[in-house]
Amino acid sequence: MPDIDLFTPVQIGPHTLNNRLVMAPLTRNRASREGVPGPLQVEYYRQRATAGLILSEATCISPEAVGYPFTPGIWNGLQVAGWAEVTAAVHDAGGKIFCQLWHVGRVSHPDLQPEGRLPVAPSAIAPAGEAITYEGMKPFVTPRALDGEELPGIVNAYRIAARNALSAGFDGVEVHAANGYLLDEFLRDGSNLRADAYGGAVDNRARLLLEVLDAVCGAWGASRVGVRLSPVQPFNDMRDSDPLATFTRVVERLNAYDLAYLHVTEMGRDAPGAAGPFFDPLDLRRVWNGVYMTNAGYDKARANAALAEGKADLVAFGVPFIANPDLPERYRRDAPLNPPDPATFYGGGEKGYTDYPFLG
Ligand SMILES: Cc1cc2nc3c(=O)[nH]c(=O)nc-3n(C[C@H](O)[C@H](O)[C@H](O)COP(=O)(O)O)c2cc1C
31 MPDIDLFTPV QIGPHTLNNR LVMAPLTRNR ASREGVPGPL QVEYYRQRAT AGLILSEATC
91 ISPEAVGYPF TPGIWNGLQV AGWAEVTAAV HDAGGKIFCQ LWHVGRVSHP DLQPEGRLPV
151 APSAIAPAGE AITYEGMKPF VTPRALDGEE LPGIVNAYRI AARNALSAGF DGVEVHAANG
211 YLLDEFLRDG SNLRADAYGG AVDNRARLLL EVLDAVCGAW GASRVGVRLS PVQPFNDMRD
271 SDPLATFTRV VERLNAYDLA YLHVTEMGRD APGAAGPFFD PLDLRRVWNG VYMTNAGYDK
331 ARANAALAEG KADLVAFGVP FIANPDLPER YRRDAPLNPP DPATFYGGGE KGYTDYPFLG
């Protein structure tokens with residue numbers, strides 16, 4: 031049997047993907063201030079529809095979930111209508127797209143919150159660093175610890191957002207439990223000091239994620255739901271006293287769902303130990319029973335090696351897809367890649383967004 035490589039089709043749930051190049055979720059801060067994607071987003075995602083699967087930029091489930099300017103939402107009709115244009119364009123171009131469902135938790139600021147309220151979190155611990163507001167950078171504030179009685183409301187917001195994503199024509203959803211946002215804040219003991227059923231033992235810290243999954247899978251069926259984790263990622267001041275034990279147990283619990291895939295980003299690997307005692311996130315592959323997606327710093331050669339060695343089934347590419355809308359074709363032909371322009375990653379218009387050239 032020939033080696034599996036980036037161009038070997040793969041089945042995830044009901045979907046057959048043409049290739050194993052996934053476009054990683056990429057926040058680009060170009061939606062309207064009301065969180066509505068427009069024609070520029072339609073063009074951007076259409077251009078990248080040759081990815082085996084597109085993961086949308088992180089998309090806010092509620093007004094309280096917002097933590098950055100000009101990020102899209104999926105809690106109201108205008109947002110759903112905007113996303114419906116995006117999904118239709120991707121489908122017309124032969125692609126597939128999942129919606130990454132996002133609540134930022136403490137990584138917000140009163141300036142971005144309804145009525146200037148405090149951001150919410152598992153515990154009242156401010157992350158080190160600064161929030162990005164419409165008026166520039168401001169120090170993070172100490173968030174308000176969520177009361178246990180409020181958690182069903184958060185779960186319900188995920189349920190409504192998941193249903194909205196279905197209405198908007200997405201092919202599935204990815205629950206964002208990575209990178210120091212709300213669900214990750216519950217998972218790791220550096221940000222979760224709760225004494226109730228949502229803190230302490232890993233099974234307790236994973237409770238909110240699993241309740242969210244129950245709700246989202248209720249709307250979509252588990253085979254069209256993925257989860258993203260970032261076990262060694264220190265971004266947003268995250269750490270855990272034992273990431274190997276924490277994330278091994280989380281993945282064991284996720285095995286109870288017949289999910290479309292598990293997506294584990296290796297971000298933070300280049301800062302060994304910054305998020306807690308080091309371990310190799312690829313070890314989680316052995317714990318997981320289903321389709322495994324890896325990410326961070328992959329190029330064609332590394333991705334093909336990981337796939338051939340069975341270390342992953344799918345590889346998500348972030349920055350390469352920003353700069354190369356036709357990344358699969360470039361890899362297929364071993365063509366040179368466009369260099370990315372980091373100055374235009376976050377915010378702006380078409381420059382650095384929809385104007386990267388395709389192969390001639
Ligand atoms: C501009 C930019 C925006 C990002 N936005 C998100 C996001 O919305 N959700 C998420 O889970 N990760 C996000 N990430 C992380 C990427 O999905 C990915 O993990 C990271 O770029 C590493 O992969 P790469 O080396 O292939 O670029 C973002 C990264 C970049 C550079």
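Numbering (the working numbering), first residue to last: 31 to 390.
For every residue, glycine included, the Cβ atom is placed at its ideal position computed from N, Cα and C.
query	result
Strictly closer than 5 Å from CB to any heavy atom of ligand 1: give me those residues in the order they appear in the chain.	Ala54, Pro55, Leu56, Thr57, Glu87, Ala88, Thr295, Asn325, Ala326, Gly327, Phe347, Gly348, Val349, Phe375
Taking its Cβ as the centre, do 16 or more other Cβ atoms sit within 10 Å of aspartate 219, making it buried, or is it exposed?	buried
Classify arginine 147 as helix, strand or coil using the three-state DSSP reduction.	coil
Quick check on DSSP: helix, strand or coil for alanine 275?	helix
Would the beta-carbon of alanine 252 fall within 8 Å of that of aspartate 201?	no
Arginine 254 by DSSP, collapsed to three states: which one?	helix
Identify the continuous beta strand (DSSP E) that holds glycine 202 and give its terminal residues.	202 to 206
As an exercise, report each continuous beta strand (DSSP E) stretch of at least 3 residues that is fully enclosed by the segment 276 to 324, in chain order.	291 to 295
Compute the Euclidean distance between the alpha carbons of aspartate 214 and arginine 63, then round it to the nearest angstrom.	26 Å
Keeping to the same chain, check which residues put their C-beta closer than 6 Å to that of leucine 259; ignore five residues upstream and five downstream.	Ala207, Ala208, Val294
Let me know the secondary structure DSSP gives phenylalanine 388 once reduced to three states.	coil
What's the gap between the Cα of aspartate 267 and the Cα of glycine 390?	43 Å
With threonine 117 as the anchor, note down where its alpha helix (DSSP H) starts and where it stops.	107 to 122
My understanding is that leucine 181 touches leucine 238, with C-beta atoms under 8 Å, so please give their C-beta distance in whole angstroms.	6 Å
Do the CB positions of glutamine 130 and glutamate 204 come within less than 8 Å of each other?	yes
For glutamate 115, which of Leu70, Pro55, Ala156, Pro355 has the nearest alpha-carbon?	Leu70
From which residue to which residue does the beta strand (DSSP E) around glutamine 77 run?	That residue, glutamine 77, is in no beta strand (DSSP E); its alpha helix (DSSP H) goes 69 to 77.
Is alanine 333 helix, strand or coil when you go by DSSP?	helix
How do the segment 75 to 95 and the segment 155 to 166 stand: do at least 3 beta-carbon pairs fall below 8 Å, yes or no?	no
Quick check: proline 264 and alanine 305, are their CB atoms within less than 8 Å of each other?	yes
Between alanine 221 and proline 152, is the Cβ-Cβ spacing less than 8 Å?	For the record, residue 221 in the displayed sequence is serine; it is not alanine. Yes, Cβ-Cβ distance for serine 221 and proline 152 is below 8 Å.
Below 8 Å on the Cβ atoms is my contact criterion, and I expect arginine 136 with proline 173 to pass it. Report the Cβ-Cβ distance as a whole number of Å.	4 Å
Would you decide whether serine 86 is buried or exposed? Buried here means 16 or more other CB atoms lie within 10 Å of its CB.	buried
Within 10 angstroms of the Cβ of methionine 167, are there 16 or more other Cβ atoms? Answer buried if so, exposed if not.	exposed
Using only the alpha-carbon positions, how far apart do aspartate 143 and phenylalanine 216 sit?	Checking the sequence, you will find glutamine at residue 143 rather than aspartate. Looking at the two C-alpha atoms, the distance is approximately 20 Å.
Cα separation between glycine 248 and threonine 384?	36 Å
Run through DSSP, which three-state label would glycine 183 get?	helix
Output needed for alanine 123: all residues of its chain with C-beta closer than 7 Å, excluding positions within five of it in sequence on either side, in chain order.	Arg76, Ala79
In terms of alpha-carbon separation, which member of Tyr322, Arg360, Ala191 lies closest to glycine 103?	Ala191
Cβ of arginine 50 within 8 Å of Cβ of aspartate 310?	no
Helix or strand or just coil, what does DSSP make of proline 169?	strand
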